[in-house]
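When you read off a place in the sequence shown, starting at 1, and then add 6, the result is the number in my numbering.
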Amino acid sequence: MEVKQNPRTVDEVCKKGQLEEHRDTIKAIFTLINEKGCKIATRYERPTSSVDWSAADGPIIRLNLLSNKEPIHIIWSLLHEYGHFLSGKPATARLDDDQQMAREVLAWEHADQQLIEFPELCECRQAYHQYRAACLKTYEDKRKM
Ligand SMILES: [Zn+2]
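See below:
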């Protein structure tokens, strides 16, 4: 079921995110996600992305454009959140650390599968794997506390 995506969001991500060179890829990722029944909106109120399952007309990926160390991180973040969407809505809002870690790993596994669909992004796969490892490490560190 294809959802009604705000067509200006691709523009916004390319301009504000300094990703003009990846416009075609971003467009293709948006189409893929929209076709699976998920929308994408931007967020500036906090520096993390997430899937919002609470909207009445279906899930929305809230993509962080507030702060990213590198523009390409926005694309990795988008693929990761899409991975969370593909993993499905969590059974409970309060996951323990192990459950949360398992969800993070699963979301990245889905993202890995998406990455290979985009040859242009595969050229950046080293940067992707660095970002992926850094994200997972923040969860591991949290678990150790
Ligand atoms: Zn995540």
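Each residue gets a CB set at the ideal place from its N, CA and C atoms; glycine is no exception. Values in this document were obtained by computation on a predicted structure and should not be read as measured data.
Buried or exposed by the 16-neighbour rule on C-beta atoms within 10 Å, applied to residue i
{"i": "Asn70", "result": "buried"}
{"i": "Ala99", "result": "exposed"}
{"i": "Asn74", "result": "buried"}
{"i": "Ala97", "result": "exposed"}
{"i": "Glu110", "result": "buried"}
{"i": "Lys45", "result": "buried"}
{"i": "Leu101", "result": "exposed"}
{"i": "Leu72", "result": "exposed"}
Through-space distance from residue j to residue i, alpha-carbon basis
{"i": "Thr31", "j": "Thr37", "result": "10 Å"}
{"i": "His116", "j": "Ile66", "result": "17 Å"}
{"i": "Ala61", "j": "Ala47", "result": "12 Å"}
{"i": "Trp59", "j": "Ile122", "result": "27 Å"}
{"i": "Glu87", "j": "Pro13", "result": "19 Å"}
{"i": "Gly89", "j": "Lys150", "result": "25 Å"}
{"i": "Cys141", "j": "Gln11", "result": "28 Å"}
{"i": "Ala34", "j": "Ile81", "result": "12 Å"}
{"i": "Tyr137", "j": "His79", "result": "7 Å"}
{"i": "Ala133", "j": "Lys95", "result": "28 Å"}
{"i": "Leu85", "j": "Arg52", "result": "18 Å"}
{"i": "Arg29", "j": "Asp17", "result": "8 Å"}
{"i": "Glu129", "j": "Asp147", "result": "29 Å"}
Cβ-based neighbour list, residue i, same chain, cut-off 7 Å, excluding 5 preceding and 5 following
{"i": "Glu26", "result": "Cys20"}
{"i": "Tyr145", "result": "Gln106, Met107 and Glu110"}
{"i": "Arg2", "result": "Summary: the structure shown does not reach residue 2, with the chain confined to residues 7 through 151, and so no result is reported for it."}
For residue i, three-class secondary structure by DSSP
{"i": "Cys128", "result": "helix"}
{"i": "Arg109", "result": "helix"}
{"i": "Leu101", "result": "coil"}
{"i": "Lys148", "result": "helix"}
{"i": "Lys143", "result": "helix"}
{"i": "Glu123", "result": "coil"}
Contacting residues, own chain, Cβ-Cβ under 8 Å from residue i (five flanking each side not counted)
{"i": "Gln24", "result": "Pro77"}
{"i": "Gly43", "result": "Met7, Glu8, Val9, Gly64 and Pro65"}
{"i": "Ser93", "result": "Arg109, Leu112, Ala113 and His116"}
Cβ neighbours of residue i in the same chain (closer than 6 Å, five flanking residues each side left out)
{"i": "Phe124", "result": "Thr31"}
{"i": "Asp103", "result": "Arg149"}
Ignoring anything shorter than 4 residues, give me the alpha helix (DSSP H) runs that lie fully in the segment 9–90, in order along the chain. List check, alpha helix (DSSP H) in window: 14–22 and 29–41.
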